[in-house]
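Numbering (this note's numbering), first residue to last: 69 to 373.
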Amino acid sequence: MRLLKAAATGLIALTSVGLVACQKSAPTNGSGASGQTGNVFETGKLRAVVVDDVLPMVDEKDGKYEGLSFVVLNAIRDQLKSATENKSDDIVIEPVSIKSAQDGLNKIRSGEADIACGVAFTWERQRTLTYSLPFATSGVRLLAPKGNDGTPESLKGKTIGVVKDTAAAAVLAKSVDEAQFQFFSTPTEALAGLKDGTVEFLGGDTLWLKASRAATAPDADLVPTFPYARSSVGCVVADTTPHLLNYSNLAIGRMLTAYVDDNKDVRTAVNKWIGPDSQVGLSENMIGDFFTIVLATTAELSKGS
Numbered sequence: 069m070r071l072l073k074a075a076a077t078g079l080i081a082l083t084s085v086g087l088v089a090c091q092k093s094a095p096t097n098g099s100g101a102s103g104q105t106g107n108v109f110e111t112g113k114l115r116a117v118v119v120d121d122v123l124p125m126v127d128e129k130d131g132k133y134e135g136l137s138f139v140v141l142n143a144i145r146d147q148l149k150s151a152t153e154n155k156s157d158d159i160v161i162e163p164v165s166i167k168s169a170q171d172g173l174n175k176i177r178s179g180e181a182d183i184a185c186g187v188a189f190t191w192e193r194q195r196t197l198t199y200s201l202p203f204a205t206s207g208v209r210l211l212a213p214k215g216n217d218g219t220p221e222s223l224k225g226k227t228i229g230v231v232k233d234t235a236a237a238a239v240l241a242k243s244v245d246e247a248q249f250q251f252f253s254t255p256t257e258a259l260a261g262l263k264d265g266t267v268e269f270l271g272g273d274t275l276w277l278k279a280s281r282a283a284t285a286p287d288a289d290l291v292p293t294f295p296y297a298r299s300s301v302g303c304v305v306a307d308t309t310p311h312l313l314n315y316s317n318l319a320i321g322r323m324l325t326a327y328v329d330d331n332k333d334v335r336t337a338v339n340k341w342i343g344p345d346s347q348v349g350l351s352e353n354m355i356g357d358f359f360t361i362v363l364a365t366t367a368e369l370s371k372g373s
């Protein structure tokens with residue numbers, strides 16, 4: 069495979085973990101803690117946790133949301149619309165605003181929201197959250213001044229900005245013992261802190277850092293060469309709607325298959341956010357190879373199947 073050859077074994081293990089996590093959900097018919105009566109099929113509202121402007125997953129302009137997460141959410145919505153259980157005339161995505169990453173995950177756990185897409189897998193989260201199939205892979209790295217290679221030795225005595233309660237913050241805290249950390253409440257605040265010089269180093273998800281670098285710190289280097297940790301990225305779902313996890317997996321699987329099979333519309337939608345002409349700049353081969361790993365590992369699917 070051309071995609072992350074050195075990490076192929078780890079990626080296969082993670083996608084297998086995602087599938088195991090998928091199977092622990094038990095569908096319920098209860099209403100969420102937000103007071104919504106009925107499930108998605110009855111209300112026609114898919115309540116999705118979103119963090120404003122966390123590229124490449126979410127891009128918000130004038131209350132309208134785009135991004136890779138919304139490519140996935142739209143596919144899930146369309147799958148739900150065609151479900152035999154659906155009683156509503158239409159299903160719309162209803163964004164659920166959050167104050168922090170932890171707040172968003174808590175809304176899934178409590179049933180105040182139905183789904184969140186673009187969530188990195190961690191073993192700790194897997195204990196209380198149910199993951200879908202992954203649709204991306206990422207890692208933990210830093211934006212750093214030129215000349216710093218991002219290794220623990222080069223970060224001794226440095227102050228690293230991180231978003232509070234994120235998987236990346238936890239990984240860096242365990243990996244870089246002799247650095248200091250400045251915590252920001254939101255990704256937007258963290259990027260602003262890097263741009264205005266409050267911090268010189270910003271740690272986080274590689275896809276987010278790549279997508280944000282040009283507008284925030286175009287002269288910064290993305291380091292180290294190999295991430296501190298890698299993880300798959302998928303959706304987490306609440307037990308608010310019968311078979312929501314099943315329909316989400318079906319939608320994601322079909323989307324990945326369509327990309328591998330050169331479906332023009334799907335390729336255009338995905339490439340806009342992580343493809344060769346995006347700030348992330350992944351080649352179609354890299355994206356397609358990862359999608360193939362996911363499909364082959366979880367469903368024994370191959371190109372054209």
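Glycine residues also receive a C-beta, built at the ideal position from the N, C-alpha and C atoms.
In terms of Cβ geometry, I228 and F269 form a close pair [threshold 7 angstroms]. In summary, T196 is exposed, with fewer than 16 beta-carbon neighbours lying within 10 Å of its beta-carbon over all protein chains present.
The C-beta distance from S206 to K232 rounds to 19 angstroms, too long to fall under 8 angstroms, and the pair is not in contact.
Remark: C-beta atoms of V108 and V118 do not approach each other more closely than 7 angstroms.
Annotated as proximal: V348 and K278, with beta-carbon spacing under 7 angstroms. A direct Cα-Cα distance of roughly 7 angstroms separates G112 from D157. Take G356, set aside five residues on each side of it, and the residues of its chain with a beta-carbon closer than 7 angstroms to its own are Y327, V328, in chain order.
A residue is called buried when at least 16 other Cβ atoms come within 10 angstroms of its Cβ; N353 does not meet this threshold and is exposed. Apart from sequence neighbours up to five positions away, no residue of its chain approaches G225 with a beta-carbon distance below 6 angstroms. Judged by beta-carbon spacing, A236 lies within the 7 angstroms limit of G271, meaning their Cβ atoms are closer than that value. In the DSSP assignment, S299 forms a beta bridge with S206. S300 sits away from I144, with the two beta carbons spaced by 7 angstroms or more.
According to the DSSP assignment, T256 belongs to no beta strand (DSSP E) but to the alpha helix (DSSP H) extending over 255–263. When DSSP assignments are scanned along the stretch 112–159, the uninterrupted stretches of alpha helix (DSSP H) that are 4 or more residues long and fall wholly within it turn out to be 136–149.
Only residues of its own chain outside the window of five on either side were considered, and among them V291, P292 have a CB closer than 7 angstroms to the CB of D217, listed in chain order. For G179, there is no enclosing beta strand (DSSP E), as DSSP marks it with neither H nor E.
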